[in-house]
Amino acid sequence: MQTMWRSACVRPTTWEILPCHCNGNTDPNMLFTDCHPLTGQCLSCMHNTAGPHCDICAPGYYGDAVRARNCTKCNCSPCGTESCDHNTGQCRCKPGVTGPLCDRCQVGFRVLRVLTDTACTVNVSKSHACLQA
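Quick note: the sequence shown uses full-length UniProt numbering, first residue 1, plus one each step.
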C-alpha cells in the first residue's frame with residue numbers, strides 16, 4: 001500500500017491528496033510514514049537509495065535506483081576517495097591520489113601519514129593521504 005500526502009499548494013482552503021512517489025524503495029509495511037505529509041518527500045529510503053523520491057543511489061553506491069534497482073557499493077578506497085559516480089561507480093580521487101580505486105599517490109606526491117581510523121587500517125596501501133613532494 002502506498003502512502004498518500006496532502007499538497008498545501010493547490011488552494012489554501014482545500015487539500016489535494018496525492019500518492020507518494022518513492023519508486024518502490026521504501027518499506028511497504030510502514031503505513032502512513034513513507035513520505036512527509038506536507039511535502040511528499042520520501043522518508044527512510046531503502047535498498048541503498050536516496051533523494052526526495054528514493055530515485056538515486058545513496059552516497060557510496062552506484063547503479064540505477066529506479067528501473068534496475070541495482071544500487072551497488074562502490075569499490076573505492078575510503079581514504080583516497082572524494083566520491084563515487086552514482087551511475088558508473090567510477091571513483092573520484094582526492095587531490096594527490098590516483099588509481100582506479102584511488103589507492104595510490106600520484107607521481108610527485110608521497111604518503112603524508114598512515115591513518116588510524118577503522119576504515120583505513122586493514123591495508124596500508126589504501127591507508128594514506130598524499131602530500132606533494
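Where a beta carbon is used, it is the ideal one built from N, C-alpha and C, also for glycine.
Beta bridge counterpart(s) of residue i as assigned by DSSP
i	result
ARG69	None, per the DSSP bridge assignment.
THR98	ARG104
CYS84	CYS91
THR49	CYS57
CYS42	CYS35
Nearest-angstrom Cβ-Cβ length linking residue i and residue j, presumed shorter than 8 Å
i	j	result
CYS74	GLY60	6 Å
CYS20	GLY40	6 Å
Distance between residue j and residue i (C-alpha atoms, nearest Å)
i	j	result
CYS91	TYR62	10 Å
PRO37	HIS86	28 Å
PRO78	CYS84	10 Å
CYS57	PRO28	19 Å
GLN106	CYS76	16 Å
ALA50	LEU18	21 Å
LEU43	ALA68	21 Å
GLY89	ASN48	14 Å
ASP34	PRO52	11 Å
Residue i burial status per 10 Å Cβ neighbour count (16 or more: buried)
i	result
GLY96	buried
VAL124	With a pLDDT of only 41 at VAL124, under the threshold of 50, the placement of this residue in the model should not be trusted; the figure read from the coordinates follows. Label assigned to VAL124: exposed.
ARG104	buried
ALA65	buried
THR26	buried
ASN23	buried
Cβ shell of residue i (< 8 Å), same chain only, five flanking positions each side left out
i	result
CYS93	GLY80, THR81, GLU82, GLY99 and CYS102
6 Å Cβ shell around residue i - same chain, five flanking residues per side excluded
i	result
THR118	Annotation note: pLDDT 35 at THR118 (below 50); position unreliable, coordinate value reported separately. Excluding positions up to five away in sequence, the list is empty.
VAL10	Legend: pLDDT at VAL10 = 49, less than 50; position of this residue unreliable, value from coordinates given subsequently. The answer, listed in chain order, is GLU16.
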